[in-house]
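The letter at position 170 of the sequence shown is residue 1225 when you use the numbering used here, and the numbering goes up by one with no holes.
So the structure is just underneath, and the comments pick up after that.
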Amino acid sequence: MTEAVNEEAGFRTSLKVTRAVREVHGEQTLVVFDNPSFGRVLTLDGAIQVTTGDEFVYHEMMSHVALFAHGAVRDVLVLGGGDGGVAREVLRHPVSRVTLVEIDRAVVDLMVSEMPSISRGAFDDPRLDLVIDDGARFVREAEAEFDAIIVDSPDPMGAGAALFTSAFYADCRRLLRPGGVMVCQSGMPFLTGGWFGGHAETLRGVFEDVAFFLSTVPSYTGGPMAHAFLSTDPSLKSVSEATLEKRAEGLGLATRYWTPAVHRAAFALPPYIADLVAPPAPLTPEG
């Protein structure tokens, strides 16, 4: 299996297929296969989406950074995430309600059938409400409010492009309660520098506070992955390690990637990434 990670650079990633498990053709082409290093792998239209070998990195960071930073989340909206990994991690917190909006029912069915270790029964949790709908349409029409929104989207192309627009972010912002937090995946800055800078500008046009944190997911090649951290409360991005430790100890969560120390360190951006997302310098009058 070969994925064209970046056509302009001629950058491709190949994984050995030791066993083809299942292929589903519908709105999207879904392929599940086994690999000796990454375990079971799901691709969507030829792009790697999730592997059982490293999914914990992505799902823990997408979930715990938002929820531990907030500290009192009750209602959560997950857009995308049909593999159930984000829902699994969110449901480890004492939340009251998780609304998961997935555009393609086939993704959920395939993941429950062939990669159940990722959701681990999350879809059977009575606190989870699964909605099969387009995420952009859902937030445009929804009236319910949420403490946290997690956007587990594919890359900004095809149907996924609608989840990276100003209109979409404004709709999400409307659904956030005061002091709420939103996290979304923001791709690989090294490979998409121009787009990444524009993405940051788009977010700053909607949210009062915009920050980014990083994670390293081995199957997502091209350098560290960026995640946008968006809130109406600027203090959330700088919650102390001591506070995070207290909140984590209270839940007794065992994690494989996220820790309070990793949480804090993830917001430390190397200069080449910080420069990409830095706000433009204010214009000064010529004197």
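Beta carbons are placed, not taken as given, at the ideal position from N, Cα and C, and that holds for glycine.
For residue i, the three-state DSSP class (helix, strand or coil)
i, result
"residue 1074", "strand"
"residue 1253", "helix"
"residue 1153", "strand"
"residue 1221", "helix"
"residue 1260", "coil"
"residue 1088", "strand"
"residue 1063", "coil"
"residue 1329", "helix"
"residue 1094", "strand"
"residue 1102", "strand"
N- and C-terminal bounds of the alpha helix (DSSP H) containing residue i
i, result
"residue 1319", "1315-1321"
"residue 1305", "1296-1306"
"residue 1201", "That residue, residue 1201, is in no alpha helix (DSSP H); its beta strand (DSSP E) goes 1201-1207."
"residue 1234", "Per DSSP, residue 1234 belongs to no alpha helix (DSSP H); it is in the beta strand (DSSP E), 1231-1240."
"residue 1192", "1190-1196"
C-alpha distance - residue i paired with residue j, whole-angstrom precision
i, j, result
"residue 1332", "residue 1324", "10 Å"
"residue 1328", "residue 1132", "28 Å"
"residue 1076", "residue 1093", "14 Å"
"residue 1220", "residue 1257", "7 Å"
"residue 1112", "residue 1247", "21 Å"
"residue 1114", "residue 1335", "32 Å"
"residue 1228", "residue 1120", "18 Å"
"residue 1201", "residue 1237", "10 Å"
"residue 1190", "residue 1223", "9 Å"
"residue 1187", "residue 1165", "14 Å"
"residue 1307", "residue 1062", "44 Å"
"residue 1294", "residue 1226", "26 Å"
"residue 1301", "residue 1126", "10 Å"
"residue 1232", "residue 1197", "13 Å"
"residue 1178", "residue 1169", "14 Å"
"residue 1291", "residue 1072", "43 Å"
"residue 1099", "residue 1210", "11 Å"
"residue 1183", "residue 1154", "6 Å"
"residue 1239", "residue 1285", "9 Å"
"residue 1056", "residue 1070", "5 Å"
"residue 1195", "residue 1264", "22 Å"
"residue 1275", "residue 1180", "29 Å"
Assumed close pair residue i, residue j - CB separation to whole angstroms, cut-off 8 Å
i, j, result
"residue 1205", "residue 1150", "The pair is not a contact, with the Cβ atoms about 12 Å apart (cut-off 8 Å)."
"residue 1299", "residue 1315", "4 Å"
"residue 1066", "residue 1277", "7 Å"
"residue 1242", "residue 1281", "6 Å"
"residue 1321", "residue 1116", "7 Å"
"residue 1082", "residue 1159", "5 Å"
"residue 1136", "residue 1110", "Contact doesn't hold; Cβ gap of about 11 Å is too wide."
Boundaries (first-last residue) of the beta strand (DSSP E) holding residue i
i, result
"residue 1066", "1066-1069"
"residue 1266", "1264-1270"
"residue 1284", "1280-1286"
"residue 1184", "1183-1187"
Those runs of the beta strand (DSSP E) which lie wholly inside the region 1107-1174 and span at least 3 residues:
1130-1135, 1152-1157
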